[in-house]
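Have a look at the structure below before the remarks.
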Amino acid sequence: MSKTPSLKDFRRIVIKVGSSLLVDSAAGGLKRDWLVSLVSDIAALHADKRDVLVVSSGAIALGRAVLKLPRGALRLEEAQAAAAVGQIALARCWAEVLGAHNIAAGQVLLTLGDTEERRRYLNARETIDKLLEWRAVPVINENDTVATTEIRYGDNDRLAARVATMTSADLLVLLSDIDGLYDKPPTAGSNASLVPVVPRITAAIEAMAGASGSELSRGGMVTKIEAGKIATTAGTHMVIASGRVPNPLQAIMQGGPCTWFLTPANPVTARKKWIAGSLEPRGALTIDAGAVKALRLGKSLLPAGVVKVEGTFGRGDAVIVRGPDGHEAGRGLIAYDADDADKIKGRSSADVMTILGYAGRTEMIHRDDLVLGGE
Ligand code: GLU
Numbered sequence: 009m010s011k012t013p014s015l016k017d018f019r020r021i022v023i024k025v026g027s028s029l030l031v032d033s034a035a036g037g038l039k040r041d042w043l044v045s046l047v048s049d050i051a052a053l054h055a056d057k058r059d060v061l062v063v064s065s066g067a068i069a070l071g072r073a074v075l076k077l078p079r080g081a082l083r084l085e086e087a088q089a090a091a092a093v094g095q096i097a098l099a100r101c102w103a104e105v106l107g108a109h110n111i112a113a114g115q116v117l118l119t120l121g122d123t124e125e126r127r128r129y130l131n132a133r134e135t136i137d138k139l140l141e142w143r144a145v146p147v148i149n150e151n152d153t154v155a156t157t158e159i160r161y162g163d164n165d166r167l168a169a170r171v172a173t174m175t176s177a178d179l180l181v182l183l184s185d186i187d188g189l190y191d192k193p194p195t196a197g198s199n200a201s202l203v204p205v206v207p208r209i210t211a212a213i214e215a216m217a218g219a220s221g222s223e224l225s226r227g228g229m230v231t232k233i234e235a236g237k238i239a240t241t242a243g244t245h246m247v248i249a250s251g252r253v254p255n256p257l258q259a260i261m262q263g264g265p266c267t268w269f270l271t272p273a274n275p276v277t278a279r280k281k282w283i284a285g286s287l288e289p290r291g292a293l294t295i296d297a298g299a300v301k302a303l304r305l306g307k308s309l310l311p312a313g314v315v316k317v318e319g320t321f322g323r324g325d326a327v328i329v330r331g332p333d334g335h336e337a338g339r340g341l342i343a344y345d346a347d348d349a350d351k352i353k354g355r356s357s358a359d360v361m362t363i364l365g366y367a368g369r370t371e372m373i374h375r376d377d378l379v380l381g382g383e
């Protein structure tokens, strides 16, 4: 990839929008004109067959504005109640503005466990994948009304990075009120310069983030670098750019100020490495020769191709996949627990509902969750 990539290089893009861009605290409402301009950029990417996901902050800030709460820090339950009011207004605006381009918005509210626990992670990922398949734009936020300290991300930079890695996005765009990473605090009179590309997040880069006095900790450069680490280790590039301009995505494409954080990996490879290398298999599936052939062609593993199920595993656990001769053909994350996998082995996906009493996944192991030997 060239030194500074272009948004056009990416197929799945997560765009994180900070509260200060969306909510005008003084005037007490949403900055609709700005949102309209951002959404026209999003619509252009969408029309260009890109998958676009939005992580939108602003629930608490907008709730404050709607409720006309006085300035000053909010207690936890106040922030949560404000978010309950603000999230409705926020989601409605996104739905309306995207709707003007004939794009459906799908609200997804997550808590920490939804991305950190494997089973819930698979669930959230499948829902988001389905929205994307239907060409809707997921509009994601933390579920602020129920998330308390132990179960919250606290900042949407990290949430957005986890969403990006969970959905194997290849780009994360962080739009906030800062242009990018400066080599020293960009205060008046300092000759700080913007760092256009960070090939790798080193200790020196982290030190710059610590020193950039543009914002304080929450949502500041430190959390953005944290997000960058999560994203780039999982194969997702990241770009930080200012959202204080109209059409902020176009501005990035036209070479406006921003900082790119590059990843050496690609998201699917990084994910597959994780499946192949770091997970303890909990069981094994033996599959027939036809299924082995299908997997080699890049297909998913369907229940019909499975002849034997061994082990005690749950949905989302790693299992070994063996060919008819007993040799390991690959490994993957299974979409069913051991009992259910055993019941539907050898059967057509269309029969799953009748056998199990619920509509499960079509695939026993989705191809994105499967690593074949030699991959
Ligand atoms: N989830 C919070 C909100 O919507 C924002 C958190 C953040 O800005 O990082 O108000």
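Mapping of the sequence shown onto this note's numbering: residues 9 to 383, in sequence order. C-beta: ideal position from N, C-alpha, C; glycine also.
Please state whether the Cβ-Cβ distance between I248 and C266 is less than 8 Å. yes
When the distance is taken between beta carbons, is V314 closer than 8 Å to K353? yes
R339: buried (16+ other C-beta within 10 angstroms of its C-beta) or exposed? buried
Quick check on the DSSP output: the beta strand (DSSP E) that includes P194 runs from which residue to which? No beta strand (DSSP E) holds P194; DSSP gives it neither H nor E.
Between G228 and the ligand GLU, is there a pair consisting of the residue's CB and a ligand heavy atom that are separated by less than 7 Å? no
Fully enclosed by the stretch 329-363, which beta strand (DSSP E) runs are 3 residues long or longer? Counting only runs of 3+ residues, the beta strand (DSSP E) found wholly inside the stretch 329-363 occupies 336-341, in chain order.
Short check: CB of R15 to CB of M261, under 8 Å? Residue identity differs from the one stated: residue 15 is Leu in this sequence, not Arg. Contact: yes.
D165 Cβ short of 7 Å to the ligand GLU heavy atom set: yes
Examine the ligand GLU and report whether any of its heavy atoms sits within less than 7 Å of the Cβ of S48. no
According to DSSP, simplified to helix, strand and coil, what is T240? helix
List the DSSP bridge partners of I148. V63, V116
From G319, L378, T362, pick the residue whose C-alpha is nearest to that of D350; which is it? Checked all of G319, L378, T362; the closest Cα to D350 is G319.
Report yes if the C-beta distance between I356 and A299 is below 8 Å; otherwise report no. Reading off the sequence shown, one finds Ser at residue 356, where the question assumed Ile. Against a cut-off of 8 Å, the Cβ pair of A299 and S356 comes out as no contact.
Identify, in the order they occur along the chain, each residue of the same chain with its Cβ nearer than 7 Å to the Cβ of L75, setting aside the five sequence neighbours on each side. A90, V93
Reduced DSSP category for E318 - H, G, I as helix; E, B as strand; rest coil: Residue state, collapsed to three classes: strand.
CB T370 to CB L310, shorter than 8 Å? yes
Could you check whether the Cβ of I68 sits closer than 7 Å to any heavy atom belonging to the ligand GLU? yes
Using 8 Å as the threshold, is the C-beta distance between H54 and V63 below it? no
Could you check how far apart the C-beta atoms of C101 and L29 are, in whole angstroms? I think they sit under 8 Å. Incorrect: roughly 13 Å between the Cβ atoms, too far for contact.
Assigned exposure category for H374 - 16 Cβ within 10 Å defines buried: buried
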